[in-house]
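Everything in the first sequence is counted per the working numbering, starting at 531 for the first residue and increasing by one.
Virtual Cβ for every residue (Gly too), placed ideally from N, Cα, C.
Okay, so here's the structure we're looking at.
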Amino acid sequence: MPDPGDQSRRGMNAVTAAPRVRFAPSPTGYFHVGGARTALYNWLFVRRLGGSFVLRIEDTDRERSDESWTSGILSALEWLGIDWDEGPYRQSERRELYEQAAERLVRSGRLYACDCSRADLESRHPGNPTPGYDGHCRDRALTPGPGRALRFRTPDAGTTVVHDLVRGDVEFANAAIEDFVVVKSNGDPLFVLAVVVDDLDMGISHVIRAEEHLPTTPKAILLWNALADVPTPTFAHLPVLVNDKRQKLSKRRDRVAVEDYRALGYLPEAMRNYLALLGWSPADGREVLSLDELVEEFRLEQVNHSPAFFDEKRLQHFNGLYLRALPLSELRERAAPFLASPVAPWPDDAFDQAAFDALAPLVQERVATLGEVPALVEFLFATPFEPDDEAFAKLVAGDALAPVVLGQARDAFRSCEWVAANLKELLAGIAVAVDRKLAKAQAPVRVATMGRAAGLPLFESLVVLGRDRTLERIEAALARLGPG
RNA sequence: GCCCCCAUCGUCCAGCGGCCGAGGACGCCGCCCUUUCAAGGCGGUAACACGGGUUCGAAUCCCGUUGGGGGUGCCA
């Protein structure tokens, strides 16, 4: 009998044939960036080699899985531009395959029935915090049936080696691998069985997934070799993504849903670029790479070994780069959803595309995400217009010269030619008159007309705002200051 | 507890025995530019966890320690 851990046949597959990979998320929560990176690495790997990307939904846990999570995963993948060649397959629809495999393994003696409850184990090993299964039912020859789980009879000796493209060979002593459950006592197949049966059935050549799966891989290999006489897939275990406490990203604890970033106005190409660089970098050190360049340069063998922190600041940097590189027409299209209901802080009929377009170039170089766009142009569309209280208090009400500046600006703006250079020149003159730098003199005018202490360049903005509204707002500010 | 993985600036990466008195990027700080804010330019800050080996020579190889992480009894 061959050593079940024997891997000598490995390497015969997928060397010349096109690789087949699978991305296999479980629909038990929103899709987070760690899953997105795993999907991306699978995708990059297989695209250059002309292979196939299979999408498989691992929903064997009926308690925790939900179809709504599945649709979220699919739309997030689409948004990122990660397309699939097959699927999505659902493990919940493939149950028969797992049952057949389990039957075969029972017949060949690799699986045995077990009726030990958790309490039984505890009573046999009181106080033992975490022992593995003790093999109690191994030789009891129980008949499989309801109320009895199916366990895999693991070898007592020898070693199972995981050949990993990222980590090299990782060895596990078979003696340390307990007889693990493969089918629950209620008949449901467990993840480890379903995955192996599917990978086998789908002809998967490379299993590229997060490092958290590495410890269960020897079990999968044992199972695989018990089921079929074909080489196991090649494995690649990617370093996990961690939070600021260096713990694995968790759906419950950490707010890192791909959908959230989309809603905040991150571009998929920026997200992709950033994600690709989380755990890998091209040989030449470039950091901004197009999709084609990523496909061309990406190598699993170059993937880092240590966990990476998802740094939103850095993502933001990449997003800004991509945003600024967009042609204006494209920026306009991408920004559109953020300028309309339900996102925009103004009614749809208050929006004026031409006004936005006029300021778009100035907007473009000031935002890191599309979500920041509305705030910059809100002064054009907000109805009614209300200056920010804090800014008004500080830069208008709190400035003894503000009434003078505002009053003179109103007078000067009343009849001049309405172009930016003119407005600037007029206000510069007022600045001189009140003995101030232009930078400080423009502050009260900015707050009165644009509502905020900082934002787009003042004069260009006023040109688009128009003379009437500009004068109205200055009057309103003066009125608010009251007489004297 | 046991098994496994990992270990270079705060963060993400480069480094695969001499080119390293450690390089790039983000962040942070300063300066310049400037109608605010950005963007941009320039400069600065800051790391090989520790201890043993191996070697003429170690961030790079080996061992150990420490630290971090992951997995672990019918989740995936």
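**Where Thr600 sits in the DSSP three-state scheme** = helix
**Prompt:** Do the stretch 991–1006 and the stretch 931–950 touch if we need at least three Cβ pairs shorter than 8 Å?
**Reply:** The stretch 991–1006 makes contact with the stretch 931–950: 3 or more CB pairs, one atom from each, lie closer than 8 Å.
**Request:** Would you grab the beta carbon distance between Thr764 and His693 for me? Rounded to a whole angstrom, and I think it's under 8 Å.
**Result:** 6 Å
**Request:** Drop a sphere of 10 angstroms on the beta-carbon of Thr684, count the other beta-carbons inside from all chains shown, and report buried for 16 or more, exposed for fewer.
**Result:** buried
**Prompt:** Can the beta-carbon of Tyr571 be found closer than 8 Å to that of Leu768?
**Reply:** yes
**Residue of Leu680, Lys967, Glu608 and Thr690 minimising C-alpha distance to Val711** = Leu680
**Prompt:** Given that a residue counts as buried once 16 or more other Cβ atoms are within 10 Å of its Cβ, and exposed if not, what is Ser991?
**Reply:** Per the 10 Å Cβ criterion, buried.
**Closest residue to Arg792 among Glu608, Asp589, Leu995 and Ser595 (Cα-Cα distance)** = Glu608
**Asked** Hey, how far is the Cα of Glu623 from the Cα of Asp615?
**Response** Taking the Cα positions, Glu623 is about 19 Å away from Asp615.
**Message:** Going residue by residue through the stretch 917–957, where are the continuous alpha helix (DSSP H) segments of at least 4 residues, counting only ones entirely within it?
**Reply:** For the stretch 917–957, whole alpha helix (DSSP H) runs of length 4 or above, ordered along the chain, are 919–922 and 932–943.
**Message:** Taking its Cβ as the centre, do 16 or more other Cβ atoms sit within 10 Å of Ser735, making it buried, or is it exposed?
**Reply:** Buried.
**Message:** I need the boundaries of the beta strand (DSSP E) containing Thr690, first residue and last residue.
**Reply:** Taken as a continuous stretch (DSSP letters only), the beta strand (DSSP E) holding Thr690 covers Thr689 to Asp694.
**Request:** Out of Ala554, Gly580, Phe561 and Ala566, point me to the one whose CA is closest to Ala548's CA.
**Result:** Ranked by how close their Cα comes to the Cα of Ala548, the residues Ala554, Gly580, Phe561 and Ala566 have Gly580 in first place.
**Item:** Pair within 8 Å by beta-carbon distance, Tyr753 and Phe682
**Value:** Tyr is not the amino acid found at residue 753; the sequence shown has Leu there. Cβ distance < 8 Å, so Leu753 and Phe682 count as in contact.
**Prompt:** Given Arg1065, which residues of its chain have a CB within under 8 Å of its CB, disregarding the five upstream and five downstream residues?
**Reply:** Because residue 1065 is not part of the residues shown, which for the chain are 531 to 1014, the question remains open.
**Every unbroken alpha helix (DSSP H) inside the stretch 759–808 [4 residues or more]** = The stretch 759–808 contains, as complete alpha helix (DSSP H) runs of 4+ residues, the segments 788–794 and 798–806 (chain order).
**Prompt:** Where does Arg552 sit, in a helix, a strand or coil, going by DSSP?
**Reply:** strand
**Message:** What does the alpha-carbon distance come out to for the pair Pro748 and Leu604?
**Reply:** 30 Å
**Item:** Under the three-state DSSP convention, the category Phe705 falls into
**Value:** With the sequence shown as reference, residue 705 is identified as Ala, and Phe is not the correct amino acid for it. Looking at Ala705 - three-state DSSP - the assignment turns out to be helix.
**Message:** Quick check on the burial criterion: 16 or more other C-beta atoms within 10 angstroms. Buried or exposed for Arg776?
**Reply:** exposed
**Supposed contact pair Gly559 and Val584 - C-beta distance, whole angstroms, cut 8 Å** = That belief does not hold up - the Cβ atoms of Val584 and Gly559 are roughly 22 Å apart, past 8 Å.
**Sheet register partners of Phe682 (DSSP bridge)** = Leu641
**Request:** Compare the beta carbon distance of Leu906 and Gly795 with 8 Å and say whether it is the shorter of the two.
**Result:** The Cβ-Cβ distance between Leu906 and Gly795 does not fall below 8 Å.
**Prompt:** Between Gln630, Pro904 and Arg1010, which lies nearest to Asp1015 when the distance is taken from Cα to Cα?
**Reply:** One cannot answer for residue 1015 here, as it falls past the ends of the chain, which runs 531 to 1014.
**Cut-off 7 Å between Cβ atoms - residues of its own chain near Arg640, not counting five sequence neighbours on either side** = Phe682, Arg683 and Ala756
**Request:** Sort Cys646, Leu953, Arg802 and Arg552 by Cα distance to Val563 and report the nearest one.
**Result:** With distances taken between CA atoms, Val563 lies nearest to Arg802 out of Cys646, Leu953, Arg802 and Arg552.
**Prompt:** Looking only at C-alpha atoms, which of Phe702, Phe561 and Ala885 sits nearest to Asp686?
**Reply:** Phe702
**Message:** Closer than 8 Å is the cut-off here; do at least three beta carbon pairs connect the stretch 969–980 with the stretch 911–928?
**Reply:** Short answer: they touch.
**Asked** Is the CB-CB distance between Glu741 and Val770 below 8 Å?
**Response** In this structure, Val770 lies closer than 8 Å to Glu741 by Cβ.
**Asked** If you count every other CB in all the chains shown that lies within 10 Å of the CB of Asp841, and 16 or more means buried, which is it?
**Response** exposed
**Asked** By DSSP, does Pro719 sit in helix, in strand, or in coil?
**Response** When secondary structure is reduced to three states using DSSP, Pro719 falls in the strand class.
**Prompt:** According to DSSP, is Ile960 helix, strand or coil?
**Reply:** helix
**Prompt:** Is the CB-CB distance between Gln894 and Leu845 below 8 Å?
**Reply:** no
**Prompt:** How about Ile960 and Val935: do their beta carbons lie closer than 8 Å?
**Reply:** yes
**Request:** Classify Arg586 as helix, strand or coil using the three-state DSSP reduction.
**Result:** strand
**Request:** State the CB to CB distance for the pair Ala898 and Ala983, rounded to an integer number of angstroms; the pair is presumed to be in contact (CB under 8 Å).
**Result:** Ala898 to Ala983, Cβ: 19 Å. No contact.
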